[in-house]
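These notes concern the structure reproduced below.
Protein chains in written order, with our numbering: chain A, -3 to 53; chain B, 306 to 677.
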């Protein structure tokens, strides 16, 4: 349900957002916050080996 | 106005409405947008969910989950029937085919209620409170329909499947269902995560069916023999006036002002549209930051979704009074639940550091989602 996932670094130089394309083809910018349901789905997909997240550019 | 009081139904007013508990005297509906009034995402337009195994939001706070693509069109006031008295809007589902569900299919519409808003129900303890669901339903089909109330501790589920009957096709029917509190020990979420979900079955297989009328482990949505609306091409199912409250008596629907109801919805989804979406400042010749405030504290730090590619937005250069296309637009990590910060990038051509700029929509919008 997500493709083209990539970490985005915050001001401190550490990843705190994941940019991706969702199942509807929309660009989404997902904060790496545990209570965010999109982030929860991303983590599940990564754990199931269904999604790779590219490093921040 | 006259009223009577007795030990069974509590206060009965002269219009025959009842209030059985003290909780009925204040804000009591745990469902948000139960009268289907707010539709920030689609503004009344039809939606067809083409993504399987995922949640699609339709009218505010109401989501649709399906294991099969494009089985329903979903729309506020689909079919343009007259809503029940006192209501202007309803949520409508129209089946796009005659699909026979398999055991693993699940097609449902539901609303997750935030844990904070059901913490007082004491579910999962010996003091669990009885709740009552009421709503108006309309269908081209008749017979027994099903839904469920589901709770979670974050990893496992509890559920209570209920049934209701629609005897006359294409006629609004007022439904009430009283559900005993779940007294089985279970750690229901009582903070800002998923608390309880109210689900209406549109089509589900045997894996998601159980006996109606009692609490059970796992997540179930229907019972054997209940209508699967997806199985009839063109079948309709409409609902409105959905209320879930404490007690064993259904009280009249609790109407809110439009502004209060919109604000309730904006805790979970906030749409910014218009010509200029935000004000920002340049940080270099190829980057700038835009910021803004949410109208209400969101449930958690939200996801940003763009309605079009970043290159479809532009920024207004105040000095030369020209527009410059973006190459990227993203949340910045320091975004909170009360305010947001976006980072935009450009190929070149920005103004000097610190210069003010405006994010131009070009007819697109910004969508912030903190849904459950």
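Quick reminder that beta carbons are idealized off the backbone N, C-alpha and C, glycines included. Because the structure is a prediction, the values reported are computed rather than measured.
- Per DSSP, residue 37 (chain A) is one residue of the alpha helix (DSSP H) stretching across 33 to 43.
- Taking the Cα positions, residue 676 (chain B) is about 18 angstroms away from residue 454 (chain B).
- It is roughly 6 angstroms from the alpha-carbon of residue 414 (chain B) to the alpha-carbon of residue 370 (chain B).
- Straight through space, the alpha carbons of residue 672 (chain B) and residue 607 (chain B) are spaced by roughly 9 angstroms.
- For residue 654 (chain B), same chain residues with a beta-carbon under 6 angstroms away, outside a window of 5 residues either side, are 629 in chain order.
- Residue 10 (chain A) and residue 359 (chain B) have their C-alpha atoms some 29 angstroms from each other.
- In this structure the segment 591 to 602 of chain B does not touch the segment 366 to 384 of chain B; the number of beta carbon pairs closer than 8 angstroms is below three.
- Contact check for residue 442 (chain B) against residue 337 (chain B) fails: the beta carbons are separated by 7 angstroms or more.
- Between residue 421 (chain B) and residue 496 (chain B) a beta carbon distance of about 6 angstroms is seen, short of the 8 angstroms cut, so the two are scored as contacting.
- DSSP places residue 492 (chain B) outside both helix and strand once states are collapsed to three, so it counts as coil.
- Within the segment 497 to 510 of chain B, the residues whose Cβ lies closer than 7 angstroms to any Cβ of chain A are, in chain order, 497, 498.
- Contact between the segment 426 to 433 of chain B and the segment 484 to 496 of chain B is present: three or more C-beta pairs spanning the two stretches fall below 8 angstroms.
- Against chain A, a Cβ distance below 8 angstroms from residue 635 (chain B) picks out 4, 13, 15, 25.
- One finds 31, 32, 33 in chain A with Cβ atoms closer than 9 angstroms to the Cβ of residue 675 (chain B), taken in chain order.
- Proximity of chain A to residue 639 (chain B) at the Cβ level (cut-off 7 angstroms) is accounted for by 6, 7, in chain order.
- Taking C-beta separations shorter than 7 angstroms and ignoring five residues to either side along the sequence, the partners of residue 588 (chain B) in its chain run 594, 658, following chain order.
- Burial state of residue 541 (chain B) is buried, judged by a 10 Å Cβ sphere holding 16 or more other Cβ atoms.
- In the DSSP secondary-structure assignment, residue 11 (chain A) is bridged to A:5.
- Secondary structure note for residue 30 (chain A): it is in no alpha helix (DSSP H), with a DSSP letter that is neither H nor E.
- For residue 467 (chain B), DSSP records a beta bridge to B:452.
- Taking all protein chains shown into account, residue 419 (chain B) has 16 or more neighbouring C-beta atoms within 10 Å of its C-beta and is therefore buried.
- Within chain B, the residues placing a beta-carbon under 7 angstroms from that of residue 22 (chain A) are 610, 611, ordered along the chain.
- Comparing alpha-carbon positions, the option among B:427, B:411, B:633 lying closest to residue 514 (chain B) turns out to be B:411.
- Below the 7 angstroms Cβ cutoff, chain B contributes 356, 359 as neighbours of residue 19 (chain A), in chain order.
- The residue among B:578, B:550, B:612, B:344 with its C-alpha nearest the C-alpha of residue 395 (chain B) is B:344.
- Rounded to whole angstroms, the Cβ separation of residue 507 (chain B) and residue 398 (chain B) is 6 angstroms, and the two are in contact under 8 angstroms.
- For residue 22 (chain A), there is no enclosing alpha helix (DSSP H), as DSSP marks it with neither H nor E.
- By the criterion of a C-beta distance shorter than 6 angstroms, residue 526 (chain B) is surrounded in its chain by 413, 453, 504, 506, 509, 513, once the five residues flanking it on both sides are discounted.
- For residue 663 (chain B), the secondary structure class from DSSP, reduced to helix, strand or coil, is strand.
- For residue 573 (chain B), the closest alpha carbon among the candidates B:583, B:470, B:646, B:674 is that of B:674.
- With a contact defined as Cβ atoms closer than 8 angstroms, residue 624 (chain B) and residue 650 (chain B) miss out at about 20 angstroms.
- Scanning its chain for C-beta atoms nearer than 7 angstroms, with the 5 sequence neighbours on each side dropped, one finds around residue 5 (chain A) the residues 11, 52, in chain order.
- Below the 9 angstroms Cβ cutoff, chain A contributes 23 as neighbours of residue 614 (chain B), in chain order.
- Within the same chain, 357, 404, 410, 412 come within 7 angstroms of residue 373 (chain B) by CB-CB distance, once the 5 residues on both sides are set aside.
- Note on geometry: alpha-carbon atoms of residue 467 (chain B) and residue 477 (chain B) lie some 19 angstroms from one another.
- As DSSP reads the structure, residue 597 (chain B) sits in a beta bridge with B:645.
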